[in-house]
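Student:
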C-alpha cells in the first residue's frame, strides 16, 4: 500500500481532536476529551510508524565504500562545468567547447554508473513518496499545488513529532487535571501537534508557511493559557510579536525563491538549486539569510531568543511541546530543507556563528536561574544553537540527528520538571526538598535526560553533539574561523554539563533551603523583562499562590509512563545514530553514509575530549552544589547581569517597544475619536429610525386587517388604471 | 347563458362580504370564517378562468388551496382555543398584549 493513501490522516486526526474537543469537549465527561485526543494521536503515531517502516522499505540502500567514489565523482563535476561556462564566455573555439561538453558527458555517465554500482538496493519506483493536486493556480505559471512529500527526513520527523506529542498528551491528562478549560487545553495542544505534523509533510514552501503560522497562533494561545495572569498575557504577546517579525523574513524569502525558481516545490528546488544558483551566490546568500531570519525567530536564536524564556508562562506540557516536538524544531527543519539553497551561498558561516554564540550565551545564563523551567528554557536555546552551529558547519545530517535526539531528551527533561513541579508544588529548585527520596521514577528518568543533555556516553546527546562538533572540526579546512567556534562549542558543552548537574543536585539531592535570591527576583517578571506594574505583579502572585509540599509525592501512571517511554526512546535513538550501528539513522536520512563520520578512528579523539569536558562540568557542579559544598560566591554584578539576561529585553523595550508605543498613541486617539465616533453615529441613526418605525406595530389585529385591505384596494386600483405593473 | 363575467362578479361579491366580515368582527372565529370566504372568492375566480380557458391547472390549484386552507383552519382554531383558555374570551382584544 502506498503510504500516501493514509499519510494525510496523520495530521488530520489531531486536527479532528481539536474540532471535537472544541465542540463537545465539555460534554464528554471529566477526562473524555483528553482521552479522545490521546487516542487520536495514538492512531497518528501508529500510522507514522507504518510510514517510517514503509519509507525505509522503499529507500535505497547504499554500499558504504562505493558511495565515497560517487561523492568524488560528484565533486569533480562542478569544476568542469565552470570551465565550460568560462570557455563559452571567453568565446572559445567550437572544438574546445565540444571537447569540454564531451568530457562533462563522460563524467556524468561515470557518475550514473558509479551510483548504480553503489546501490545495494534500488529505491522503489515511487520513492520519495510525493503527491500533488492543483490548489492555487496562477495563469501562465506553475502556481502553488497542494501536496505531501514523504522522504526519509520527513518520515523521521513525522515519527518523532507524533510520538513525542502523544507522550506529552498522555502526561497532560494527569498534569492538567483540575485546571479550568481542561478540554480547551487538549483542543489547542492537539492542533499544535497537527500543525507541526502537517508542516514536516508539506511538499511546498507555501503550505509549509501556512502550517508554520498555524503553529505560531497555537503557541500564542497556549503560552497565554492562564490568561488571567498578566505575565501570561504579556508573554503571549511577546512571543507572537517576536516570531511574527521573524516570519516577515521567511515570507520575503519565499517570494524571492518563487521569483528565482518559479516554483515553491521542495523537490524541484532541491534539484534546480545547484544549476540555477551556480554563479549567483548573492541570490543564494540573500534567500538563505531571509529564511534564517524566520528560523531565528521560531527557533529562538540570538537576538530573537527573548520570547522563549517568557513562554514558560504556559503550562509545563506546552513548554515541552514548544521546546521539543514542535515550534523550535520548525526553524531547524526549515533550514535543513532549504539546505540546497544554503549550500550555494555564503550564509552558512553566519548561521554557524549565530548558532555557536547562542549556544554559549544561553548555556552561560542557565546557571544563574532558580526556576527549573527557565533553566531548561535556556538549555533549549543553547541546544538549538548547537543545531544551527552544525548546519552552519556543513553538518546537515549532524544537525538533524541532534534535532531528533534533542526532541526526545528535552521533552523528557521538561516533562520531568513538570512531574517535579506537580509533586513539590514549586518551580524553585531550591524549594524542592530532596526529591530523590520521594520520586524514584522522575529521578531516574531525569538522570537519563540530564546525562543525555550533558553529553555523557552512551546517551543520545553524546552522539549527536559530538557529531556536530566533528562537523565543526572538519569545517576548519574550509575556513579557519571555525576553530574558534569549536572552542565555543566545547565551552558551551562544559556549561551544559554544569547547569544540568546543578539543577539535579539542588532539586533531588539537597534539602530545601532558602533560594539565594528572593522569591520576587527569580520570578523575573518584575525586573522589567516583561512590562508589568506593581499591581499586575501582586495580582499574579495571588493567582499563582500554591502550597509547597515539603514531602512531595511521585506522580501517577500517566506521567511516569510518559517519562519512561521518552527515556527509552531517547536512548534508543541515540544508539541508532551511534557508530555501534554504523550510524543507521544518518544513513537512512542521507545516503548510507555520512562523509564526516568516516572513518570511525577519526572520532575517538572527539569522543574522549567531549567526555572529559562533560565530566569536568559535572564534577564542578558536584563540588559547588553537592555535599562538598565548595564555597564559591559569584560576583554580585555577574549574577545580576545574568539574571537580567544581559539587559537585552530591556533594550528591546527601550529601543523598539517604547518608540512604537509613542507612535501608537496618536493613532489610538484617531481610532477612538474619529473612527469609533463614526461607528457610534451610525448606530445612533439606526436607533432613531427604528424608534420611529416601531410605532407602526400597534398590536391591534384590526389595524393590520385594515392595512391589508387598504393595500389590496391600492393594488386593485393600480392594476386597473396603471395597466401592467 | 353564463359568461365568465358572471363568475367574476360572484367572486367580487364574495370578496367584499369576506372583507367586510374581516374588518367588522371582533370574534376570532368570525374573522377566520371571513378569511375563508375571501379565499373562496379567489377560488371561484381561479376555477372560472381556468374553465373558460380550457385549462386544468386552475382546478388543481384550487384543490391544493382547499387542502392548505383546511390545515390552516385547524391551526387557527387550536390557537383560538388557547386564546380562549388564557383569556376567557375569543376576541381580538387580548391579542393586543402580543405587542409587548
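Chains as they are written, first to last, in this note's numbering: chain A, 1 to 725; chain B, 1 to 100.
Ideal Cβ placement from N, Cα and C applies to all residues, glycine included.
1) With 9 Å as the limit, tell me which residues of the region 682-711 of chain A have their beta carbon closer than that to any beta carbon of chain B; keep them in chain order.
2) Is any beta-carbon of chain B found at less than 8 Å from that of residue 189/A?
3) Could you check what DSSP says for residue 738/A in three-state terms: helix, strand or coil?
4) If you compare alpha carbons, which of 49/A, 623/A, 589/A is closest to residue 337/A?
5) Using DSSP with H/G/I as helix, E/B as strand and the rest coil, what is residue 121/A?
6) Going by CA-CA distance only, name the one from 454/A, 561/A, 487/A that's closest to residue 617/A.
7) Identify the residues that DSSP records as bridge partners of residue 265/A: which are they?
8) What's the gap between the Cα of residue 116/A and the Cα of residue 124/A?
9) Using three-state DSSP, classify residue 145/A as helix, strand or coil.
10) Candidates 92/A, 112/A, 364/A: which alpha carbon is nearest residue 72/A's?
11) Please report whether the beta-carbon of residue 95/B lies at a distance below 8 Å from any beta-carbon of chain A.
12) Any beta carbon from chain A within less than 8 Å of residue 181/B's own beta carbon?
13) For residue 14/B, would you say it is in contact with chain A, using Cβ-to-Cβ distances shorter than 8 Å as the test?
14) What does DSSP give as the partner residues of residue 91/B in its beta bridges?
15) Between the alpha carbons of residue 32/A and residue 665/A, how many angstroms are there, rounded?
16) Taking C-alpha atoms, which residue in 250/A, 47/A, 228/A, 256/A lies nearest to residue 161/A?
17) Could you pull out every residue in the same chain whose Cβ sits closer than 6 Å to the Cβ of residue 560/A, ignoring the five residues on either side in sequence?
18) Residues of chain A with CB closer than 8 Å to the CB of residue 23/B, please, in chain order.
19) From residue 303/A to residue 63/A, what does the alpha carbon distance come to, in whole angstroms?
20) Would you say residue 127/A and residue 58/A are within 8 Å of each other, going by their C-beta atoms?
21) In its own chain, which residues sit with a C-beta less than 7 Å from the C-beta of residue 390/A, not counting the 5 before and 5 after it?
22) Give the secondary structure of residue 292/A by DSSP, where H, G and I count as helix, E and B as strand, and everything else as coil.
23) Based on Cα-Cα distance, which residue from 241/A, 334/A, 691/A, 321/A lies nearest to residue 747/A?
24) For a cutoff of 8 Å on Cβ pairs, would you count residue 89/B as touching chain A?
25) Can you list the residues of chain A that residue 19/B reaches, using a CB-CB cut of under 7 Å?
26) Does the contact criterion of 3 or more C-beta pairs under 8 Å hold for the region 421-441 of chain A versus the region 321-340 of chain A?
27) Using DSSP's beta-bridge definition, name the partner residues of residue 150/A.
28) Comparing C-alpha positions only, which one of 576/A, 94/A, 264/A sits nearest to residue 141/A?
29) Quick check: residue 109/A and residue 80/A, are their CB atoms within less than 8 Å of each other?
30) Determine the direct distance from the alpha carbon of residue 356/A to that of residue 376/A, and round the result to whole angstroms.
31) Residue 524/A: buried (16+ other C-beta within 10 angstroms of its C-beta) or exposed?
32) From which residue to which residue does the alpha helix (DSSP H) around residue 586/A run?
33) Check whether the region 203-215 of chain A and the region 22-39 of chain A are in contact - that is, three or more C-beta pairs closer than 8 Å.
34) By DSSP, does residue 428/A sit in helix, in strand, or in coil?
35) Can you grab the Cα-Cα spacing for the pair residue 373/A / residue 414/A, in whole Å?
36) Are there any heavy atoms of the ligand HEM lying less than 7 Å away from the beta-carbon of residue 70/A, as far as the coordinates show?
Tutor: Well, looking at it:
1) 697, 698, 699, 700, 701, 702, 705, 706, 708, 709
2) In the first chain, counting from the first residue as 1, residue 189/A sits at position 189. Judged by the 8 Å Cβ criterion, residue 189/A is not in contact with chain B.
3) Any property of residue 738/A remains undetermined from this structure, which presents chain A solely from 1 to 725.
4) Looking up residue 337/A in the first chain gives position 337. When C-alpha distances from residue 337/A are compared across 49/A, 623/A, 589/A, the shortest belongs to 589/A.
5) As a working note, residue 121/A is residue 121 in the first chain. DSSP places residue 121/A in strand when its eight states are reduced to three.
6) Numbered from its first residue, the first chain carries residue 617/A at position 617. Comparing Cα-Cα distances from residue 617/A to each of 454/A, 561/A, 487/A, the minimum goes to 454/A.
7) Residue numbering aside, residue 265/A sits at position 265 when the first chain is read from its first letter. Answer by DSSP bridge pairing, in chain order: 204/A.
8) The sequence position of residue 116/A within the first chain is 116, counting from 1. The sequence position of residue 124/A within the first chain is 124, counting from 1. Distance between the alpha carbons of residue 116/A and residue 124/A is about 14 Å.
9) Taking the first chain and counting its residues from 1, one reaches residue 145/A at position 145. Reduced to three states, the DSSP call for residue 145/A is strand.
10) Reading the first chain from its first residue, position 72 is the one you call residue 72/A. Distances from the CA of residue 72/A to each of 92/A, 112/A, 364/A were compared; the closest alpha carbon is that of 112/A.
11) Here residue 95/B corresponds to residue number 95 of the second chain, with the count starting at 1. Yes, because at least one Cβ of chain A sits closer than 8 Å to the Cβ of residue 95/B.
12) This structure leaves residue 181/B out entirely; chain B is present only between 1 and 100.
13) The residue labelled residue 14/B in the question sits at position 14 within the second chain. With 8 Å as the cut-off, residue 14/B does not count as an interface residue toward chain A.
14) Locating residue 91/B in the second chain gives position 91, where the first residue counts as 1. 27/B.
15) In the first chain, the residue the question calls residue 32/A occupies position 32. In the first chain, the residue the question calls residue 665/A occupies position 665. So the two alpha carbons sit approximately 47 Å from each other.
16) Mapped onto the first chain, residue 161/A falls at position 161. When only C-alpha atoms are compared, the closest one is 47/A.
17) Along the first chain, one-based indexing puts residue 560/A at 560. Here the set comprises 441.
18) Along the second chain, one-based indexing puts residue 23/B at 23. Within chain A, the residues near residue 23/B are 702, 705, 706, 709.
19) Working through the first chain from its first residue, we reach residue 303/A at position 303. Working through the first chain from its first residue, we reach residue 63/A at position 63. Rounded to whole angstroms, residue 303/A to residue 63/A spans 43 Å at the Cα level.
20) Within the first chain, numbered from 1, the residue matching residue 127/A stands at position 127. Within the first chain, numbered from 1, the residue matching residue 58/A stands at position 58. Yes; because the gap between Cβ atoms is below 8 Å, this pair is in contact.
21) Along the first chain, one-based indexing puts residue 390/A at 390. Here the set comprises 398, 399, 402, 468, 471.
22) One-based indexing of the first chain puts residue 292/A at position 292. Residue 292/A falls in the helix class under three-state DSSP.
23) Nothing about residue 747/A can be reported from this structure: the residues present for chain A run from 1 to 725 only.
24) Position 89 of the second chain, counted from the first residue, corresponds to residue 89/B. No, its Cβ sits nowhere closer than 8 Å to a Cβ of chain A.
25) If you number the second chain from 1, residue 19/B lands on position 19. The contacting residues are 709.
26) no
27) To locate residue 150/A, count along the first chain from 1; it is residue 150. For residue 150/A, which the question treats as bridged, DSSP gives the partners 129/A.
28) Within the first chain, the letter at position 141 stands for residue 141/A. Ranking 576/A, 94/A, 264/A by Cα distance to residue 141/A puts 264/A first.
29) As a first step, residue 109/A is located in the first chain; it is residue number 109 there, counting from the start. As a first step, residue 80/A is located in the first chain; it is residue number 80 there, counting from the start. No, the pair does not count as a contact, with Cβ atoms beyond the cut-off.
30) For the purposes of this step, residue 376/A is taken as residue 376 along the first chain, with counting starting at 1. For the purposes of this step, residue 356/A is taken as residue 356 along the first chain, with counting starting at 1. Rounded to whole angstroms, residue 376/A to residue 356/A spans 18 Å at the Cα level.
31) Numbered from its first residue, the first chain carries residue 524/A at position 524. Below a pLDDT of 50, predicted positions are generally treated as unreliable, and residue 524/A, at 47, falls in that range; the measurement from the model is reported next regardless. Residue 524/A should be labelled buried.
32) Position 586 of the first chain, counted from the start, is the residue given in the question as residue 586/A. First-last of the alpha helix (DSSP H) with residue 586/A: 584-589.
33) no
34) Sequence index remark: in the first chain, residue 428/A carries index 428 (1-based). Of the three classes helix, strand and coil, the one that applies to residue 428/A here is strand, per DSSP.
35) For this step, residue 373/A is matched to residue 373 along the first chain. For this step, residue 414/A is matched to residue 414 along the first chain. The straight-line gap from Cα to Cα measures roughly 7 Å.
36) Absent from the structure shown: the ligand HEM. Ligands present: none.
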